[in-house]
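**Q** The opening position of the sequence shown corresponds to residue 1 in full-length UniProt numbering, with each subsequent residue numbered one higher.
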Amino acid sequence: MSERTFEFHWGKHHRAYVDNLNKQVAGTELEEKPLEDVVRITYNKGDPLPAFNNAAQAWNHEFFWESMKPGGGGMPSGELLARIEKDFGSFDNFANEFKTAAATQFGSGWAWLVYKSETLDVGNAVNPKASDDDKKLAVVKTPNAVNPLVWNDYVGIITLDSYRANEPLLTIDVWEHAYYLDYQVRLAVCNPSIVGSAFSSSPTPRLLLKGKKERRVQKKEETGKAVHHKYAHAPQN
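1. If I measure Cβ to Cβ from Val140 and keep anything under 8 angstroms in the same chain, skipping five residues before and after, which residues do I get?
2. Under 8 angstroms between the Cβ atoms of Val25 and Glu31?
3. Quick one, which of Asn44, Ser108, Asn54 has its alpha-carbon nearest Tyr17's?
4. Among all the DSSP beta bridges, which residues are the ones paired with Lys136?
5. Going straight from the alpha carbon of Lys23 to that of Lys45, what length do you get?
6. What are the start and end residues of the beta strand (DSSP E) that includes Asp173?
7. Give me the Cα-Cα distance between Trp59 and Glu79, rounded to the nearest whole angstrom.
8. Which whole-angstrom value is the C-beta distance of Gly109 and Val174, which I expect to be below 8 angstroms?
9. Three-state secondary structure (DSSP) at Ala111?
10. Measuring only the C-alpha atoms, how far is Ala95 from Phe64?
11. Can you tell me which of the three DSSP states Thr142 falls into?
12. Among the candidates Pro48, Ala145, Ser67, whose CA atom is the shortest distance from the CA of His13?
13. If we call anything under 8 angstroms between Cβ atoms a contact, is Phe91 one with Glu97?
14. Nearest CA to the CA of Asp19: which residue from Leu49, Ile41, Gln57?
15. Return the residue from the list Lys136, Lys135, Val150 that minimises the CA-CA distance to Thr142.
16. Please report how far the alpha carbon of Gly107 lies from the alpha carbon of Gly27, in whole angstroms.
17. Run the CB neighbour count on Ala82, radius 10 Å, all protein chains shown included, and call it buried at 16 or more, exposed below.
18. Apply the 10 Å Cβ neighbour rule to Pro50 and answer buried if 16 or more other Cβ atoms are within range, or exposed otherwise.
19. Mark Ser67 as exposed unless 16 or more other C-beta atoms lie within 10 angstroms of its C-beta, in which case mark it buried.
20. For the candidate residues Asp87, Phe52, Ser77, whose alpha-carbon lies nearest to that of Lys135?
21. Beta-carbon separation of Thr42 and Pro48 under 8 angstroms?
22. Using the rule of at least 16 other Cβ atoms within 10 Å of the residue's Cβ for burial, across every protein chain shown, is Thr171 buried or exposed?
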């Protein structure tokens, strides 16, 4: 990603989602809720409320920046590499599947590496539980602002009371603003280092999320009122 794209992507697009969301939730019960909950609530079981797109895009972008580091994180190792090889056959197979998902997403959207840790077993509707066959890594893609917090390819809509079916581990933004200044219409030109960028040290898929529960950074405005604000700190190099 070039410096120019980063400046537009983070400094304008991401900031706009955050600023617009702050305006939409001001004075409502959503204002004091964690962003992750705002995303789920405003998805409204597939009939999104006005704040959903900005909430989801703010969350998606924060996760996107956390999925990268300069130069990439390198090849995974240990238990994580073993899991990738078990579920995809090899790291190269995973990388190709991930890049293909990003390149073939029609229109705006996201490609994700997820851990199917708590997928509902639809064959046991009386006592839904995770199936051993569903405890695996998988590549999925979502349209527009939709993300694995509210949607997955097996169960469909995720509600606040349901199990989390897809635990997001890594994502790539395939909205035009993420690549157009650098690559124009050549979406298939995906930087391979992005694929390995989150794999530098975590030994298991679940540990990739350790400490990444959605957090709010509050900034006092001139009025003295605390509001959600994700720009108190810039992404770390």
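All C-beta atoms, glycine included, are put in the ideal place defined by N, C-alpha and C. This structure is a prediction, so every number in the text was calculated from the model and none was measured.
**A** This is what the structure holds:
1. Ala101, Ala111, Trp112, Val114, Pro148, Asn152, Asp153, Asn166
2. yes
3. Asn54
4. Lys116
5. 23 angstroms
6. 167-173
7. It is roughly 28 angstroms from the alpha-carbon of Trp59 to the alpha-carbon of Glu79.
8. Right, their Cβ atoms sit about 6 angstroms apart.
9. For Ala111, the secondary structure class from DSSP, reduced to helix, strand or coil, is strand.
10. Ala95 and Phe64 have their C-alpha atoms some 17 angstroms from each other.
11. strand
12. It is Ala145 whose Cα lies nearest to the Cα of His13.
13. no
14. Gln57
15. Val150
16. 34 angstroms
17. exposed
18. Exposed.
19. buried
20. Asp87
21. Yes, Cβ-Cβ distance for Thr42 and Pro48 is below 8 angstroms.
22. buried
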